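A quick write-up on the structure given underneath.
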Amino acid sequence: GAGVSQSPRYKVAKRGQDVALRCDPISGHVSLFWYQQALGQGPEFLTYFQNEAQLDKSGLPSDRFFAERPEGSVSTLKIQRTQQEDSAVYLCASSRAAMNTEAFFGQGTRLTVV
Amino acid sequence: GENVGLHLPTLSVQEGDNSIINCAYSNSASDYFIWYKQESGKGPQFIIDIRSNMDKRQGQRVTVLLNKTVKHLSLQIAATQPGDSAVYFCAENRDSNYQLIWGAGTKLIIKP
Chain A
1 GAGVSQSPRY KVAKRGQDVA LRCDPISGHV SLFWYQQALG QGPEFLTYFQ
51 NEAQLDKSGL PSDRFFAERP EGSVSTLKIQ RTQQEDSAVY LCASSRAAMN
101 TEAFFGQGTR LTVV
Chain B
1 GENVGLHLPT LSVQEGDNSI INCAYSNSAS DYFIWYKQES GKGPQFIIDI
51 RSNMDKRQGQ RVTVLLNKTV KHLSLQIAAT QPGDSAVYFC AENRDSNYQL
101 IWGAGTKLII KP
């Protein structure tokens, strides 16, 4: 497709379960970002990839969060031993360049931990 | 950015009127600003951007104004339509860093 695609759209996980969220960026986009968005708030940065290199993971809230982009295209955000506070919408965005340029967002994955 | 939880600032505008959404930023070193629109259940959608060497930029029905003296950004939407109903976020790039820092968001409601 022409846009950023995320799957699944919705995920319900039992507390303690591991989850994997997938992002298919726009083809050819160098930069890929993951954001976490709580209800009623703006997105908060989690991590950034330039091609396959994870250049910044300073926003990941704990070592239970892990992201990868092994071939510089599709990315996966994995959350281990999910907790209730992990419930949020996880947004993926991609852009042609690293900064000062338009980032295109996917529709997000809404994660609910019960 | 400032988080307001579930209590987003709300702007109600009559259909056909102009809307002005405001945003304050804190870092004078920020050099790139973006307005995003987010409809319910969707990801943010780019509206318009502006660099710090400009004070005004126009798009289709939208205008962004940047006042660096008071660190203020505004989005003007002309002839507001029902499809403009959404939450609007401003975002800034600080110090040429790739991380976008997001404002709290303003919910725009269009009255018929």
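From first to last, the protein sequence lines are chains A and B. To convert, note that position 11 of the first sequence is 11 in our numbering; the numbers rise steadily by one, no gaps. To convert, note that position 102 of the second sequence is 102 in our numbering; the numbers rise steadily by one, no gaps. Every residue gets a Cβ at the ideal spot worked out from N, C-alpha and C, and that includes glycine. Note that this is a predicted model, so its numbers are computed, not measured.
(message) To the nearest angstrom, how far is the alpha carbon of residue 62 of chain B from that of residue 75 of chain B?
(response) Whole-angstrom Cα-Cα distance: 7 Å.
(request) Could you say which of A/14, A/96 and A/91 lies nearest to residue 41 of chain A if we only look at CA atoms? (result) When each option's Cα is compared against that of residue 41 of chain A, the closest is A/91.
(message) Considering only DSSP beta bridges, list what residue 87 of chain A is partnered with.
(response) In the DSSP secondary-structure assignment, residue 87 of chain A is not bridged to any residue.
(message) What does the alpha-carbon distance come out to for the pair residue 27 of chain B and residue 50 of chain B?
(response) About 15 Å.
(message) Looking at chain B, is there any beta carbon in it that lies within less than 8 Å of the beta carbon of residue 72 of chain A?
(response) It does not: the Cβ of residue 72 of chain A has no partner Cβ on chain B nearer than 8 Å.
(request) Could you tell me whether any Cβ in chain B is nearer than 8 Å to the Cβ of residue 45 of chain A? (result) Yes, its Cβ sits closer than 8 Å to a Cβ of chain B.
(message) Quick check: the Cα distance between residue 63 of chain A and residue 81 of chain A, rounded to an integer number of angstroms?
(response) Going from the Cα of residue 63 of chain A to the Cα of residue 81 of chain A covers about 10 Å.
(message) Distance check for residue 74 of chain A and residue 21 of chain A, CA to CA, integer angstroms please.
(response) Their backbone Cα atoms lie some 11 Å apart in a straight line.
(request) Would you give the residue range spanned by the beta strand (DSSP E) that residue 38 of chain B belongs to? (result) Segment 30 to 38, the beta strand (DSSP E) holding residue 38 of chain B.
(request) Just the chain B side, please: which residues come within less than 9 Å of residue 48 of chain A by C-beta, in chain order? (result) Residues of chain B passing the Cβ test: 98 and 99.
(message) Quick check on DSSP: helix, strand or coil for residue 18 of chain A?
(response) The three-state reading of DSSP puts residue 18 of chain A in coil, since its state is none of H, G, I, E or B.
(request) Measure from the C-beta of residue 112 of chain B to each C-beta in chain A and report whether the shortest distance is under 8 Å. (result) No, residue 112 of chain B lies away from the interface with chain A (no Cβ there is under 8 Å from its Cβ).
(request) Just mark residue 89 of chain A as buried or exposed, buried being the case when its beta carbon has 16 or more other beta carbons within 10 Å. (result) When all chains shown are included, residue 89 of chain A counts as buried.
(message) What does DSSP give as the partner residue(s) for residue 31 of chain A in the beta ladder?
(response) DSSP output for residue 31 of chain A lists A/50 and A/95 as bridge partner(s).
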